[in-house]
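Enquirer:
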Amino acid sequence: MQVINQDLFHEVALTLFPGIGPQLTRQLMSYGGSAKNVLMAPPGRLRKIPGVGPAMVATLTGGERTLALNRAETILRQSEKDGVQLLFYTHKAFPARLKQIPDAPALLYYQGTSNLNHPKTVALVGTRQATDYGREQTERIVKGVASHNPLIISGLAYGIDIAAHRAALQEGLETIGVMATGLDVIYPPTHRKTAEKMLTQGGLLTEFPFGTKPDKYNFPARNRIIAGLADGTVVVEAAKKGGALITAEIALGYNKDVLAVPGNIGQPTSEGCNALIKDHKAALYSEPKDLEELLNWDAALHQTGKFKPTPTYQAADFSEEEFRLVEVLMAAKEELMDNLSWKTQLPVNQVASLLLGLEFRGVVKSLPGKKYVLV
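Numbering-wise, my numbering puts 353 at position 318 of the sequence shown, and it's gapless, one number per residue.
#1: Under 9 Å between the Cβ atoms of I84 and L63?
#2: Got a sec? Which residues, its chain only, sit under 6 Å from S376 by beta carbon, not counting five neighbours each side?
#3: Quick one: Cα of V13 to Cα of G98, how far?
#4: Note down, one range per segment and in chain order, each alpha helix (DSSP H) of at least 4 residues found wholly within the stretch 176 to 256.
#5: Consult DSSP for G147 and reduce its assignment to one of helix, strand or coil.
#6: Tell me, to the nearest whole angstrom, how far the beta carbon of G254 is from that of L218; I am working on the premise that it is less than 8 Å.
#7: Compare the C-alpha of R100 against each of I55, V399 and G212 and name the closest.
#8: Please name the residue in D138, E108, K324 and A70 whose C-alpha comes closest to that of I285.
#9: Please classify P382: does DSSP put it in a helix, a strand, or coil?
#10: Between S65, P223, G169 and T156, which has its C-alpha nearest G237's C-alpha?
#11: From H126 to N299, what does the alpha carbon distance come to, in whole angstroms?
#12: Any idea which residues DSSP pairs S401 with across the strands?
#13: Cβ atoms of T268 and A366: under 9 Å apart, would you say?
#14: So, with DSSP's three-state summary, where would you put E370?
#15: Assign A90 to one of two classes, buried (16 or more other C-beta atoms within 10 Å of its C-beta) or exposed (fewer than that).
#16: Please say whether A181 and A103 have beta carbons closer to each other than 9 Å?
#17: Are there 16 or more other CB atoms within 10 angstroms of the CB of A70, so buried, or fewer, so exposed?
#18: The beta strand (DSSP E) that contains D292, what's its start and end?
#19: Alpha carbon to alpha carbon, how far is V160 from A203? Give it in angstroms, no decimals.
#20: Can you tell me where the alpha helix (DSSP H) holding V47 begins and where it ends?
#21: Straight-line CA distance for R61 to I176?
#22: Could you tell me which residues DSSP puts in a beta bridge with T156?
#23: By DSSP's criteria, E272 is part of a beta bridge. Which residues make up the other side?
#24: How is A128 classed by DSSP in three states: helix, strand or coil?
#25: For I197, tell me which candidate among A107, G169, H315 and E115 has the shortest Cα-Cα distance.
#26: Can you tell me whether D205 is buried or exposed, with buried defined as 16 or more other CB within 10 angstroms of its CB?
#27: Closer than 8 Å is the cut-off here; do at least three beta carbon pairs connect the stretch 225 to 240 with the stretch 310 to 325?
#28: Can you give the Cα-Cα distance for K406 and E370, rounded to whole angstroms?
#29: Cα-Cα, which of E272, L330, K291 and K324 is closest to N309?
#30: May I ask you to list the residues that DSSP assigns as paired with F123?
#31: Would you mind working out which of Y144, V361, V296 and R359 sits nearest E46, comparing C-alpha positions?
#32: By Cβ distance below 8 Å, which residues in the same chain neighbour L43 in space, the five residues on each side in sequence not counted?
#33: DSSP three-state call for G267: helix, strand or coil?
#34: Kindly indicate which three-state DSSP category A107 falls into: helix, strand or coil?
#35: Please report the Cβ distance between L142 and T50, rounded to the nearest whole angstrom; I am assuming they are in contact, meaning their Cβ atoms lie under 8 Å.
#36: If you follow the alpha helix (DSSP H) that K313 is part of, which residue opens it and which one closes it?
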């Protein structure tokens, strides 16, 4: 058995304390410098951190600390045994797109083969009570965008979700199932065979520790990861209320593109999509060109129609600080210098110096208005 990675051990432990969510985790990390420093800090030092009151100090230094450390060790052992990657938000493989959303998870549990920073990602979501029309449209969408080789994202649920995963597998595309449970709790159980296939052609992703059951409060949290991980979200079929519309609203809140497939007037499973289009919250999806133009995917095709891969950048080619900038630009396409400073948590003067160096190397170029893009 391998020696436990001490940095990861303390990072996992920090996410296991009751009352410490992703935002407070980042706050603690920004003041402590590392998870280990936070967990080893004396009460007096913890009290100086904004947002940390007496009750939280007691939690971090009392019996909960021992429980969190013991549980973290168990999680690391099980992850090693099951081939699960534990991705803390500072990890190089943590999805760059998720780093841009304000309520991103602090830790992800990932099992699979896909690059979570895939050049093109799209989410397909919809009702659990899918009709033949909804399933047919799901398959049609996946086939229509297959030439772009995108990563297909959904929630492994009944209906449109599982249809999207299966269509992606059929087309030879990688697909990620974002779960509202631990990785060892496949829900619904009837989708286990599909989930197992996805491990070799995509993967399974969750923010919930091993053993987490499908509690109803986990599903809206799961939906924000789907929305954050995708460049655009397509709602295929949805009723007036439900998880698909929640995902669409979250995506809109993240300034992500949303499309909806129109359906028959009076059909309950089409009411949600038709309302999104009517209220100008979603663009109408009728053919692949609608998605390509909205996400600017058409620009990546040669005149011959063949797929042109988006340039990728490897962390090994950059310093840690440089790669943080590159990750942001990979997700945001173009960004203001001030926003780059905020998103990377680097001082503006350091960001300016790093960008200048990257520009000399031909990695980035500057645009009017202090904006920067990858070359």
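Just so it is clear, CB atoms sit at the ideal spot from N, CA and C, and this is done for glycine as well.
Expert: Checking against the coordinates, here is how it stands:
#1: Between I84 and L63, the gap from beta carbon to beta carbon is short of 9 Å.
#2: Answer for S376: V383 and V386, listed in chain order.
#3: The first residue shown for the chain is 36 and the last is 410, placing residue 13 beyond what the model contains.
#4: Counting only runs that start and end inside the stretch 176 to 256, the alpha helix (DSSP H) elements of at least 4 residues fall at 195 to 205 and 227 to 233.
#5: DSSP, reduced to helix, strand and coil, places G147 within a strand of the structure shown.
#6: The residue you asked about is not Gly; residue 254 is Phe in the sequence shown. Under the criterion of beta carbons closer than 8 Å, F254 and L218 do not qualify as touching, at roughly 16 Å.
#7: It is I55.
#8: The residue with the shortest Cα to Cα distance from I285 is D138.
#9: Secondary structure at P382: coil, using DSSP grouped into helix, strand and coil.
#10: Of S65, P223, G169 and T156, the residue nearest in Cα terms is T156.
#11: Approximately 46 Å between the Cα atoms of the pair.
#12: Looking at the DSSP output, S401 shares a beta bridge with Y407.
#13: No, the pair does not count as a contact, with Cβ atoms beyond the cut-off.
#14: E370 falls in the strand class under three-state DSSP.
#15: Burial call: exposed.
#16: No. Outside cutoff.
#17: Classification of A70: buried, given that the 10 Å Cβ count is 16 or more.
#18: Counting along the chain, D292 sits inside the beta strand (DSSP E) bounded by residues D292 to A295.
#19: Rounded to whole angstroms, A203 to V160 spans 13 Å at the Cα level.
#20: Q41 to L49 is the span of the alpha helix (DSSP H), which, as asked, contains V47.
#21: Put simply, the backbone Cα of R61 is about 38 Å away from that of I176.
#22: T156 pairs with L186.
#23: DSSP lists G161 as partners of E272.
#24: Coil, per DSSP.
#25: The option with the nearest alpha carbon to I197 is G169.
#26: The question names Asp, yet the displayed sequence has Gln at residue 205. Label assigned to Q205: exposed.
#27: A contact between stretches requires three or more CB pairs, one per stretch, nearer than 8 Å, and the stretch 225 to 240 fails this requirement with the stretch 310 to 325.
#28: For K406 and E370, the distance between alpha carbons rounds to 5 Å.
#29: Out of E272, L330, K291 and K324, the CA that lies nearest to the CA of N309 is found in E272.
#30: Note: F123 sits in a beta bridge opposite L142.
#31: The shortest Cα separation from E46 among Y144, V361, V296 and R359 belongs to Y144.
#32: Cβ within range, chain order: L111, L121 and F123.
#33: Residue state, collapsed to three classes: strand.
#34: A107: helix per DSSP, three-state reduction.
#35: That belief holds up - the Cβ atoms of L142 and T50 are roughly 5 Å apart, short of 8 Å.
#36: First-last of the alpha helix (DSSP H) with K313: E306 to K313.
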